[in-house]
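A.B. asks: Here you go, one structure.
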Amino acid sequence: MSDYDPQALEARWRERWAEEGRYEADPAEAADAADDPTFITVPYPYPSGGMHIGHARTYTVPDVYARYRRQQGDNVLFPIAWHVTGTPIIGAVERLKTGEADQLSVLRDTYNVAEDTLKDLETPMGYARHFIENHYKKGMHDLGLSIDWRREFTTNDDRYSKFITWQYETLKERGLLEKGLHPVKYCTNEQQPVTTHDLLEGEEAEFQEYTLIRFGHGDTVVPMATLRPETVRGVTNAYIDPDASYVIADVDGEEWFVSAPAVEKLQLQGREVTPKRTVTGEHLVGQRVENPVTGDEVLVLPAAFVDAENATGVVMSVPAHSPDDYLALQEATADHDRLSAYGIDPDEVDAIDPVPILSVEGYGEIPAKTAVEDAEIESSTDPALEAVTRELYNTEFHTGRLNDEYGEHAGEVVEDVRGRFRDAHRESGAFDTMREFSEAVVCRCGGDVVVSEQDTWFLRYNDEAWTAKAHDAVSRMEAIPENTRGEYDHTIDWLNEWPCIRNYGLGTRLPWDDEFVIEPLSDSTIYMAYYTIAHRLDEIPVEDLDRDFFDALFYGESAVEDPDERALQLRKEWQYWYPVTYRFSANDLISNHLTFYLLHHAELFDPDEWPAGIVIMGMGLLEGEKMSSSKGHVVLPDTAIEEYGADTVRFFLLNSAEPWQDYDWRTEQVDSVRTQLERFWTRATDIIDDPGPEDRPALSTADRWLLSRLQRTVADVTEALDGSETRTASQAAFYDFEEDLRWYRRRADRSRPAARWTLRAVLETRLRLLAPFVPFLANELHERLTGTPAEDAPWPEVDDAVLDGGVEAAEAQVERLVDDIQGIQQSLRNADEDVPEADPDQIRVRVAAGWKHGVFDTVAEIGADQGAVMSQVMSDPDLRERGNAVNDLVSELIEFARARGGGELDTLAGLDEAAIYRDAADFLSDEFNATVVVEVEADGDSAVPFRPSIQLEAA
RNA sequence: GCGGGGGUGGCUGAGCCAGGCCAAAAGCGGCGGACUUAAGAUCCGCUCCCGUAGGGGUUCGUGGGUUCGAAUCCCAUCCCCCGCACCA
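Just so you know, the first sequence maps onto residues 513 to 1467 in the working numbering.
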């Protein structure tokens, strides 16, 4: 016997696996073409930082499945690679080089990067390499992941780029790529597009599409931005900031009047803008502008609340439907002096009445007025105004119906009509469009970030033929859990065009325009195919990897004129492994990566090569809170493995929740897993040291019971693992069976040869069941026990000859009896006074009389049908004589039968109840430290079949 | 707003799809006991309320309903979490 020393034993196995190349998988020789290839993938990690315990689970769940299939006899490929595409790594390097404190702290404190190593991290690939080698690869090795390491690559490798080049040239040729304008975040200081990572403020900002209502002032267009274009008929006036700076400019050949900041925005949104002259807002105050829809002339009033930084800096006022406008108008009216100072006739302003343009239930004629008055808001600076406004906007959007003056649109609900109304007026030239963020956005450099429209290449994910194929792919694959299937379909329908390029970043250049880089979610859609050939591609010069090469590889020899022999060789490897059996991935990736994965496979490959299954994974928490490397709230696999050992880490990660459920790393719980594994180890080594006889001796009831329970465990674990239910499976193999063992230890004398034999058989099977979860421990013990590691032994199968329902039912009766006796004891102990029977000297167990068992047999035969049972029973004259007693018994038994299946009743009917208790008498006697007397009741006693009467007797 | 998931005993968390062996698994925590010089580990019992005999009562977010019977099915309602795009 030796102590459990996970670090030492795990190190031995790691070394052994590496030396043997244990998990390197190759297509089987032609001779065993019948074998079963299983191809498992997981999203390749993005090494912009280190690996934490959350990542560990992402890769361990597929490892368990891979190990399981291997024991089932499959040829299993589980590869890994590294995703470096895009800007995060570059951004991280930039922040390191500029000495940003947060970044340095993450590197030094969270990821323990040594001071003299920091300089190696100053190039993007140097940075990536560090985290790949020292964190991810090390962590994966330490965890014992059964990865084929020959196939690793990065997405910045030349050969990978050739592969992506092939993919994008092919898609372009098929018309699935399209060029167009697209809004991006653009830093006005750095004069380039920026990503969310580059932002100081406004990470949550959304793109908003404003409609510009083209009010006219003479020949000048005064565009006013709104999110509610349908309110145009309710405009009573306009507002402008009299003190802000505005520009009269030539815009696409017209004269426009807009705020100064709007000039650059309009330019960035694809307009030709030539500023002609700068004025203050006062220039327009008191003027009239013409509503392009109604032709009405409305007055422009001064207002300090107008933000010249937002949109065009001139806004229209709809006091009937906007609480803000309503209050602003009231306040303007109240301040005659101010109006007069701007040369406006106060009477004219007083005469302005709100013009309602839609009706909405519960808000009266002038909804904004009602809303403001109901909420008792009197000032435009009241903080409660925002909520009132939001509520009114919402209600009007969903239930407001347009008034008659809207002609063809009259009577329609805003929600349904807004888009059509806007488009119609855009068509006619009354409206225009401008984009703006929902909040201020500031770059890390301090510059303002605005919306810019840039020439971009799109993937046409809304192409009808394409989406149809993708839906087909969804319907053919296995979605685990099944309730995620709808999400894929939903995402496919919801996706629009996807801009697939960026201005900078690591990765593959767009083949026909090398200014651009293919972005990360677009260069990671079919790389699983690359795994199948990655290690062999290295033999081929990069320049040979052209279009024809990959066409031959993926589409066969007839696809190209003069197929490359090497490509055709690789094609065999690809065809051997494909399709991907299961892809394990996080649930938040359904809405992009996983659906892209389906779309690209559906387009580029035949249905036979489409993804066979996707397993969704939940998120990880740490002590109930989200992990965050920037806050240092992470556990690194390194640290955890050092403290607990890899098997404990794995077992915790797999056992605490099913893969698709969120899980929570709690030190307390991990500690307890470690304790449990230690106990398992101790018991196992005890059996290994004293394994009992080679040949099967005569077994006791308890032995046969345990072996029967083992068969059920095998069935449960196998079924659970087939569905990737790692929690259910490990729970059954480990904890649930521990319960059975606990009973067995109470019940059986373990020094008997038959017990040693039984325990040994049980241990061997359990080690095989546990090997996918705790490979180090299970392989070690299995090898000590049998001479072979568990992973080289076949997966256990249920042995029907060992399944014994009768023994299990009998044993359940004994357990039930123990429970009942304890129940009575408990009840007696509750008494205020001492009751001597609570600690009995003798326990009398009376089994139901023979005729009662006869009735039970009838119930078992007929089922829970009181009438049918009664008429059958009453046909027996002896029973008829007993009258009421029979009636009562049948009622009781019917209730008993209702809760049980027919099979169980039959099994019970076949048992000799008294014999069961007599066999267990010695055991019961030991348990309760009392004499146990088993007898059949005298007539008239209260026992019921399988519910003996019990009497505790003190001396 | 759109889409998805969820509310179970001190905590974590099964059960719900296929209603009844469900006062509700397992783990953790707590209490008592055995073992031990002691601690730890291990083992046994208890851990919603009441009860001197294996029983009874009230529970599974809330309110209704279906049913002989509901944690499980249906309806309504409240609350919580996650994703929503050019970000990997």
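Each residue gets a CB set at the ideal place from its N, CA and C atoms; glycine is no exception.
Label L693 either buried or exposed according to how many other C-beta atoms from any shown protein chain fall within 10 Å of its C-beta, with 16 as the threshold for buried.
C.D. replies: Sequence index remark: in the first sequence, residue 693 carries index 181 (1-based). Looking at its Cβ environment, which holds fewer than 16 other Cβ atoms inside 10 Å, L693 is exposed.
A.B. asks: How about G746 and V926: are their beta carbons less than 7 angstroms apart?
C.D. replies: Against the first sequence, residue 746 aligns to sequence position 234. Against the first sequence, residue 926 aligns to sequence position 414. V926 sits away from G746, with the two beta carbons spaced by 7 angstroms or more.
A.B. asks: Please return the same chain residues whose Cβ sits closer than 8 angstroms to the Cβ of P741, not counting the five positions on each side in sequence.
C.D. replies: Within the first sequence, numbered from 1, the residue matching residue 741 stands at position 229. T723, I725, R930, F933, R934, H937 and F943.
A.B. asks: CB V827 to CB Y905, shorter than 7 angstroms?
C.D. replies: Locating residue 827 in the first sequence gives position 315, counting from the first residue. Locating residue 905 in the first sequence gives position 393, counting from the first residue. Result no, Cβ atoms of V827 and Y905 do not sit closer than 7 angstroms.
A.B. asks: Mark T1020 as exposed unless 16 or more other C-beta atoms lie within 10 angstroms of its C-beta, in which case mark it buried.
C.D. replies: Stepping through the first sequence from its first residue, residue 1020 is reached at position 508. Buried is the call here.
A.B. asks: Determine the closest residue to I552 out of V1147, L1165 and A1124, with distance taken between C-alpha atoms.
C.D. replies: Looking up residue 552 in the first sequence gives position 40. Residue A1124 is the option with its Cα nearest to I552.
A.B. asks: My output table needs one value for L833: the three-state DSSP class, helix, strand or coil.
C.D. replies: Counting from 1 along the first sequence, the entry for residue 833 is found at position 321. Position check: residue 833 holds His in this sequence, whereas Leu was assumed. Reduced to three states, the DSSP call for H833 is coil.
A.B. asks: Using DSSP with H/G/I as helix, E/B as strand and the rest coil, what is R1262?
C.D. replies: Along the first sequence, read from residue 1 onward, the residue named residue 1262 stands at position 750. In this structure, R1262 counts as coil in the three-state DSSP scheme.
A.B. asks: Tell me which residues share the same chain as D755 and place their Cβ nearer than 7 angstroms to its Cβ, disregarding the 5 neighbours each side in the sequence.
C.D. replies: The residue labelled residue 755 in the question sits at position 243 within the first sequence. A distance below 7 angstroms between beta-carbons, with the five flanking residues on each side excluded, links D755 to the following residues of its chain, in chain order: T792 and G793.
A.B. asks: If you count every other CB in all the chains shown that lies within 10 Å of the CB of S1242, and 16 or more means buried, which is it?
C.D. replies: The residue labelled residue 1242 in the question sits at position 730 within the first sequence. Its Cβ being crowded by 16 or more others within 10 Å, S1242 is buried.
A.B. asks: Based on DSSP bridge pairs, tell me the residues matched to F949.
C.D. replies: Taking the first sequence and counting its residues from 1, the one referred to as residue 949 is at position 437. F719, per the DSSP bridge assignment.
A.B. asks: Go ahead and pull the three-state DSSP assignment for N1342.
C.D. replies: For the purposes of this step, residue 1342 is taken as the residue at position 830 of the first sequence. Here N1342 sits in coil by DSSP.
A.B. asks: Please classify E612: does DSSP put it in a helix, a strand, or coil?
C.D. replies: Looking up residue 612 in the first sequence gives position 100. In this structure, E612 counts as coil in the three-state DSSP scheme.
A.B. asks: Excluding sequence positions up to five away, which residues of its chain have a Cβ less than 7 angstroms from the Cβ of F1368?
C.D. replies: As a working note, residue 1368 is residue 856 in the first sequence. Cβ within range, chain order: L1405, A1421 and P1457.
A.B. asks: Could you pull out every residue in the same chain whose Cβ sits closer than 7 angstroms to the Cβ of A1196, ignoring the five residues on either side in sequence?
C.D. replies: Counting from 1 along the first sequence, the entry for residue 1196 is found at position 684. Here the set comprises L1275 and L1293.
A.B. asks: Between L739 and M946, what straight-line distance do the alpha-carbon atoms span, to the nearest angstrom?
C.D. replies: By 1-based counting over the first sequence, the position of residue 739 is 227. By 1-based counting over the first sequence, the position of residue 946 is 434. Roughly 10 angstroms between the two C-alpha positions.
A.B. asks: Assuming Q1081 is part of the alpha helix (DSSP H), what are its boundary residues?
C.D. replies: Along the first sequence, read from residue 1 onward, the residue named residue 1081 stands at position 569. E1077 to W1089 is the span of the alpha helix (DSSP H), which, as asked, contains Q1081.
A.B. asks: What does a CB cutoff of less than 6 angstroms around L813 pick up in its chain, not counting 5 residues either side in sequence?
C.D. replies: As a first step, residue 813 is located in the first sequence; it is residue number 301 there, counting from the start. For L813, where only same-chain residues beyond five positions count, the Cβ hits under 6 angstroms are N749, Y751 and A844.
A.B. asks: Considering only C-alpha positions, which residue in the set V1398, E1170, Y577 and Q519 is nearest to A1361?
C.D. replies: Within the first sequence, numbered from 1, the residue matching residue 1361 stands at position 849. Selected option, being the one with the closest Cα: V1398.
A.B. asks: Determine the burial state of N995: buried for a count of at least 16 other Cβ atoms within 10 Å of its Cβ, exposed for fewer.
C.D. replies: Position 483 of the first sequence, counting from 1, holds the residue named residue 995. By the neighbour-count rule (16 or more Cβ atoms within 10 Å), N995 is not buried but exposed.
A.B. asks: Entirely within the segment 665-732 and at least 4 residues each: give me those alpha helix (DSSP H) ranges in chain order.
C.D. replies: Runs of the alpha helix (DSSP H) lying entirely within the segment 665-732 and spanning at least 4 residues, in chain order: 670-685.
A.B. asks: According to DSSP, is D960 helix, strand or coil?
C.D. replies: Along the first sequence, one-based indexing puts residue 960 at 448. Correct three-state label for D960: strand.
A.B. asks: Kindly confirm or deny that the segment 637-647 and the segment 991-1005 touch, where touching means at least three C-beta pairs closer than 8 angstroms.
C.D. replies: Too few Cβ pairs lie closer than 8 angstroms, so no.
A.B. asks: In whole angstroms, what is the alpha-carbon distance linking S673 and D762?
C.D. replies: Translated into the one-based positions of the first sequence, residue 673 becomes position 161. Translated into the one-based positions of the first sequence, residue 762 becomes position 250. Distance between the alpha carbons of S673 and D762 is about 45 angstroms.
A.B. asks: Quick one: is C699 buried, meaning 16 or more other Cβ sit within 10 Å of its Cβ, or exposed?
C.D. replies: Numbered from its first residue, the first sequence carries residue 699 at position 187. With 16 or more other Cβ atoms within 10 Å, it is buried.
A.B. asks: Going by Cα to Cα distance, which pick from V1319, A1232, D1316 and A1214 is closest to W1269?
C.D. replies: By 1-based counting over the first sequence, the position of residue 1269 is 757. Cα-wise, what sits closest to W1269 is A1214.
A.B. asks: Rounded to whole angstroms, what is the Cα-Cα separation between E1170 and M1131?
C.D. replies: Position 658 of the first sequence holds residue 1170. Position 619 of the first sequence holds residue 1131. Their Cα atoms are separated by approximately 11 angstroms.
A.B. asks: For A1305 versus R1272, is the C-beta spacing smaller than 7 angstroms?
C.D. replies: Along the first sequence, read from residue 1 onward, the residue named residue 1305 stands at position 793. Along the first sequence, read from residue 1 onward, the residue named residue 1272 stands at position 760. No, Cβ-Cβ distance for A1305 and R1272 is not below 7 angstroms.
A.B. asks: Could you check the C-alpha separation between R1430 and D1453 for me, to the nearest Å?
C.D. replies: Taking the first sequence and counting its residues from 1, the one referred to as residue 1430 is at position 918. Taking the first sequence and counting its residues from 1, the one referred to as residue 1453 is at position 941. The alpha-carbon atoms of R1430 and D1453 are separated by roughly 19 angstroms.
A.B. asks: Pull up the distance between the alpha-carbon of M513 and that of R579, whole angstroms please.
C.D. replies: Locating residue 513 in the first sequence gives position 1, where the first residue counts as 1. Locating residue 579 in the first sequence gives position 67, where the first residue counts as 1. Per-residue confidence for M513 stands at a pLDDT of 46, beneath the threshold of 50, marking its modelled position as unreliable; the derived number appears in the next sentence. Answer to the nearest angstrom: the Cα atoms are 28 angstroms apart.
A.B. asks: Can you list, in chain order, the stretches of the alpha helix (DSSP H) that have 4 or more residues and sit fully within the segment 1409-1440?
C.D. replies: 1414-1421, 1425-1431 and 1433-1440
A.B. asks: What three-state label does DSSP hand A816 in the structure shown?
C.D. replies: Within the first sequence, numbered from 1, the residue matching residue 816 stands at position 304. The three-state reading of DSSP puts A816 in coil, since its state is none of H, G, I, E or B.
A.B. asks: Should A1450 be labelled buried (16 or more other beta-carbon atoms within 10 Å of its own) or exposed?
C.D. replies: Taking the first sequence and counting its residues from 1, one reaches residue 1450 at position 938. A1450 comes out exposed.
A.B. asks: Across which residues does DSSP place T1443 in a beta bridge pair?
C.D. replies: Walking along the first sequence from the start, residue 1443 turns up at place 931. The partner list for T1443 (beta bridge, DSSP) reads Q1354.
A.B. asks: Are there 16 or more other CB atoms within 10 angstroms of the CB of N1167, so buried, or fewer, so exposed?
C.D. replies: For the purposes of this step, residue 1167 is taken as the residue at position 655 of the first sequence. Burial call: buried.
A.B. asks: Classify M563 as helix, strand or coil using the three-state DSSP reduction.
C.D. replies: Within the first sequence, numbered from 1, the residue matching residue 563 stands at position 51. Reduced to three states, the DSSP call for M563 is coil.
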